[in-house]
Amino acid sequence: MKNADVINHVKGTSLFIDDFPAPEGVLHIAVFDSKIACGKITKLNYDKVLSVPGVAAVITAKDIPGENQIGNIVSDETILADGEVEYIGEPIAIVAADTVENAKAAANLIEIEFDELPAVTDPREAYEKGNLIAPPQTFSDGDVEKGFAESDVVIDGRVDIGGQEHLYLETQGAMAVPSEDGKIKIYSSTQSPTAVQRAAAKVLGVPMHKIETDVLRLGGGFGGKEDQATPWAVMTALVSRLTGKPAKLILSRQDDLRMTGKRHPYSADYKIGLSRDGEILAYEATYYQNAGACADLSTAILERTLFHATNSYFIPNVKTTGISCKTNLPPNTAFRGFGGPQGMFVMETAIYKAAEKLGVPAYEIQKKNLLKENDSLYYGQKAERVQAERCWNEAAEEFNLQEKFAAVKEFNEKNNLRKKGVALMPICFGISFTSSFLNQASALVHVYTDGSVGVSTAAVEMGQGVNEKIRSVVSQTFSISQEKVKMETTNTTRVANTSPTAASSGADLNGNAALLACNNILNRLKKFAAESLKEDDPAKVEIKNEKIFYDGKETGMNWESFINDAYFNRINLASHAFYATPEVYFDRTINKGRPFAYHVYGTAIITAEVDILRGVCEIESVDVVHDFGKSINRQVDLGQVEGAVVQGIGWLTMEELVQNDEGKLLSNSLSTYKIPDIFSAPKEMNVKFLEDSENPFGPLNSKAIGEPPFMYGIGAYFAIMNAMKEYNPNADKEIRAPLTHERVLMSLKNLK
Ligand code: MTE
Ligand code: HPA
Ligand code: MOS
80 MKNADVINHV
90 KGTSLFIDDF
100 PAPEGVLHIA
110 VFDSKIACGK
120 ITKLNYDKVL
130 SVPGVAAVIT
140 AKDIPGENQI
150 GNIVSDETIL
160 ADGEVEYIGE
170 PIAIVAADTV
180 ENAKAAANLI
190 EIEFDELPAV
200 TDPREAYEKG
210 NLIAPPQTFS
220 DGDVEKGFAE
230 SDVVIDGRVD
240 IGGQEHLYLE
250 TQGAMAVPSE
260 DGKIKIYSST
270 QSPTAVQRAA
280 AKVLGVPMHK
290 IETDVLRLGG
300 GFGGKEDQAT
310 PWAVMTALVS
320 RLTGKPAKLI
330 LSRQDDLRMT
340 GKRHPYSADY
350 KIGLSRDGEI
360 LAYEATYYQN
370 AGACADLSTA
380 ILERTLFHAT
390 NSYFIPNVKT
400 TGISCKTNLP
410 PNTAFRGFGG
420 PQGMFVMETA
430 IYKAAEKLGV
440 PAYEIQKKNL
450 LKENDSLYYG
460 QKAERVQAER
470 CWNEAAEEFN
480 LQEKFAAVKE
490 FNEKNNLRKK
500 GVALMPICFG
510 ISFTSSFLNQ
520 ASALVHVYTD
530 GSVGVSTAAV
540 EMGQGVNEKI
550 RSVVSQTFSI
560 SQEKVKMETT
570 NTTRVANTSP
580 TAASSGADLN
590 GNAALLACNN
600 ILNRLKKFAA
610 ESLKEDDPAK
620 VEIKNEKIFY
630 DGKETGMNWE
640 SFINDAYFNR
650 INLASHAFYA
660 TPEVYFDRTI
670 NKGRPFAYHV
680 YGTAIITAEV
690 DILRGVCEIE
700 SVDVVHDFGK
710 SINRQVDLGQ
720 VEGAVVQGIG
730 WLTMEELVQN
740 DEGKLLSNSL
750 STYKIPDIFS
760 APKEMNVKFL
770 EDSENPFGPL
780 NSKAIGEPPF
790 MYGIGAYFAI
800 MNAMKEYNPN
810 ADKEIRAPLT
820 HERVLMSLKN
830 LK
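In structure tokens, the structure reads:
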């Protein structure tokens, strides 16, 4: 994955928050968090803390100058617990001292007592008790009752899906530096600089113009820093404001694992009705989302589950209900796919079970029901430029699907203690923030007098290569070398009111904004060039490879001298531009609209092998045809697909979050929480770029890439299931993800 940061990453010279040179007198923060999941605080005493040498401040809820509130969609989240706690890891107090060690040692001296209440960690139990984050939301289209009545086969079932730890390499962290007049600059590892600015202003009780957020890059975010970078950044600002000193907070890995939210676990009920020949006539599902203790982004995530409930299929009668359940766990949050993966997993489960009942392979049902051009998606959007069948057919052809099936069949006939399975996974993922107002971005482009260019946008680089893509857009638009273009930090004083870099739309939104800004400058330059050449048509001016042409002929002017000339002739060499995605809206009074600019399609073929004696599974191959539109950078896009596939496989086959009944995270280290390593990556991965796919909504006809390929991982789950069934047809009684090696072994022997 070759992007602008690669050389620094390889040499170890890229800077992350903890690498920034700390200013003189910087204070280090330790967070004192709740050790119980639910209860009232009856005593909180920190007299002993203040006498520890080096301690500069202890801050609790009552010291907050502004509002003790950082909730984003719903105002239900305090920055420091006030009187009661709702999860283990909830921040109660912060201690600032001269060193990390002193701050931590001092925080340990805080005395606290609770009136403990029973914790609820299961979403269905929370639902029964009436503990909801928001009222349930239902999407429907057609008439499911009629659809089920007309079906030849109707089956229903329950499925449970685990959460997932983000495990960004750089843990949560921030540093705040005070300036004059109470102004504070926050360096944050956040996907949402404006969210940090807004929350800090609110908690400090100052206008937003007193807070500047600056983001260089993130050592990974994956959604985990869309909302949840905010509290730590606000804490640094709070200490800075109350002490007048710079302040820094970097969570240790264990603190990060314990205190931050994860992908939402779901429990779901589904019902599917089909004709005898496999046409899906009706689908109904209810999702119990384990939201954790506060809303965070849960309602938006749950809504995206509803949007993706039917994955890549056309179903005429659909009804889905999402219920966000409040439990005593850290608030769960955005994670690559944003609820889409859970919705699609339930759909694929229903198809898998229906196939069993009909006695046909699941892929026949999948293929038969793929979306076609102009099919209506059940939330009202017409599917346009649909690539579902093309991706499926090209994958089957390119990767010799029939031969694969034959080889696996032969292998299974010859082997009793090793079994193989194949599964196909088509995807359809909607691109745009489903909160339509977020689909906006700005860019600020400066051409300096030597012809070099600085670009600021709202996009945050977190390893996904968005900077490299925007740099390509700028260098292609000006037709100058990439080296001339520098991507600046994401800073709220240069580009304000930023949407988070999320929903896979960072490159789309900010790339388009950068394109507009470049064109503004280019138009001025062309006008100036025509004037200097004493010609009359600026449209005939062209810049190609840093040379200026008029009417197709070289003028002898080159970019550098031309820009310098333009400066002396007082031509404006800077532009700020704004982009808003056209045509997106969603009407929540009827739950219909056109929420997405477009959809991304693809199909993966996954082959898995199971060791029957040990339960050990290997993903043998993942073969993908993916719709990238016209890729801006194939290496970056390929890196995104490969990373997403491995992360998706990890979610469903390896990564198991375990809490005890008291809400304590037991899988709280990397020895108890297994993520994919290079040995568990697919032995072989082939990605074919779908040719001739146009996308008028993406910069230079490209398509968003960040999240969609994550969902190919769902195919790994069903490939393993198919392999298990070759040994024991009853191995799949229960559908519960992740399908860890232990669970595979227990299921093969029907031991649970
Ligand atoms: N890739 C890397 N290397 N690191 C990340 O943190 N985040 C993913 C995806 N790919 C992520 C990543 C998520 S959750 C999203 S929404 C997109 O990148 C965001 O970036 P984009 O909008 O620029 O695609
Ligand atoms: N994706 C990611 N983040 C979001 C979204 C979305 O659709 N809506 C609001 N925040
Ligand atoms: Mo991605 S979950 O939208 O940050």
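Just so you know, we're using the numbering used here here: the sequence shown kicks off at 80 and counts up by one.
We put the beta carbon where it would ideally sit given N, CA and C, even for glycine.
Keep in mind it's a predicted model, so treat the numbers as computed, not measured.
{"query": "Contacts around A116, its chain only, beta-carbon distance under 7 Å, and the 5 residues preceding and following it disregarded", "result": "Y166, I167, A198, N407, E741, G742"}
{"query": "Rounded straight-line distance, which links the Cα of H678 to that of A462", "result": "8 Å"}
{"query": "T580 Cβ short of 8 Å to the ligand MTE heavy atom set", "result": "yes"}
{"query": "Any non-hydrogen atom of the ligand HPA closer than 8 Å to A723 Cβ", "result": "no"}
{"query": "heavy atom of the ligand MOS below 8 Å from Q368 C-beta", "result": "no"}
{"query": "Opening and closing residue of the alpha helix (DSSP H) in which A795 lies", "result": "792-806"}
{"query": "The ligand MOS heavy atom lying under 8 Å from the CB of Q270", "result": "yes"}
{"query": "Whether L523 touches T536 by CB criterion (9 Å)", "result": "yes"}
{"query": "Same chain, Cβ closer than 7 Å to S511, five either side skipped, listed in chain order", "result": "N518, A582, S584, T660, V663, P674, F675, A676"}
{"query": "In DSSP terms, what I265 is bridged to", "result": "A255, T292"}
{"query": "Three-state secondary structure (DSSP) of C373", "result": "coil"}
{"query": "heavy atom of the ligand MOS below 8 Å from R415 C-beta", "result": "yes"}
{"query": "Residues near S354 in its chain [Cβ-Cβ closer than 7 Å; skip 5 each side]", "result": "S230, D231, L360"}
{"query": "Rounded separation between T217 and A326 - CA only", "result": "45 Å"}
{"query": "Cβ-based burial, Q307 [other Cβ within 10 Å; buried from 16]", "result": "buried"}
{"query": "Backbone CA spacing between G722 and E734 [nearest angstrom]", "result": "15 Å"}
{"query": "T292 and K264 closer than 9 Å at C-beta", "result": "yes"}
{"query": "DSSP beta-bridge partners of I685", "result": "A502, V701"}
{"query": "C-alpha distance - A795 paired with L211, whole-angstrom precision", "result": "33 Å"}
{"query": "Alpha-carbon spacing of S93 relative to Q481, whole angstroms", "result": "47 Å"}
{"query": "Proximity to G500 [Cα-Cα], best of M566, L749, Y345, I685", "result": "I685"}
{"query": "Cut-off 7 Å between Cβ atoms - residues of its own chain near K671, not counting five sequence neighbours on either side", "result": "Y458, G459"}
{"query": "CA-to-CA distance, T339 to G133, given in whole angstroms", "result": "28 Å"}
{"query": "Where M636 falls: helix, strand or coil (DSSP)", "result": "strand"}
{"query": "Beta-carbon separation (whole angstroms), A175 vs S113, contact threshold 8 Å", "result": "No, A175 and S113 are not in contact; Cβ-Cβ is about 20 Å, not under 8 Å."}
{"query": "Inter-residue spacing [alpha-carbon to alpha-carbon] between V153 and N546", "result": "32 Å"}
{"query": "Any non-hydrogen atom of the ligand MTE closer than 8 Å to M541 Cβ", "result": "yes"}
{"query": "E821, enclosing alpha helix (DSSP H) - first and last residue", "result": "820-827"}
{"query": "As assigned by DSSP and simplified to three states, the class of A676", "result": "coil"}
{"query": "Nearest-angstrom Cβ-Cβ length linking A312 and A279, presumed shorter than 8 Å", "result": "7 Å"}
{"query": "Close beta carbons around K762, own chain, < 8 Å, minus the five adjacent residues each side", "result": "E697, I698, E699, S700"}
{"query": "Which of helix, strand or coil DSSP assigns to G742", "result": "coil"}
{"query": "A396 versus M423 - alpha carbon distance", "result": "It is Asn, not Ala, that sits at residue 396 in the sequence shown. Roughly 17 Å separates the two Cα atoms."}
{"query": "Cutoff 7 Å; reference L827; Cβ partners in own chain excluding five residues on either side", "result": "I691, G694, M803, Y806, N807, A810"}
{"query": "Exposure label - P286; buried when at least 16 CB within 10 Å", "result": "exposed"}
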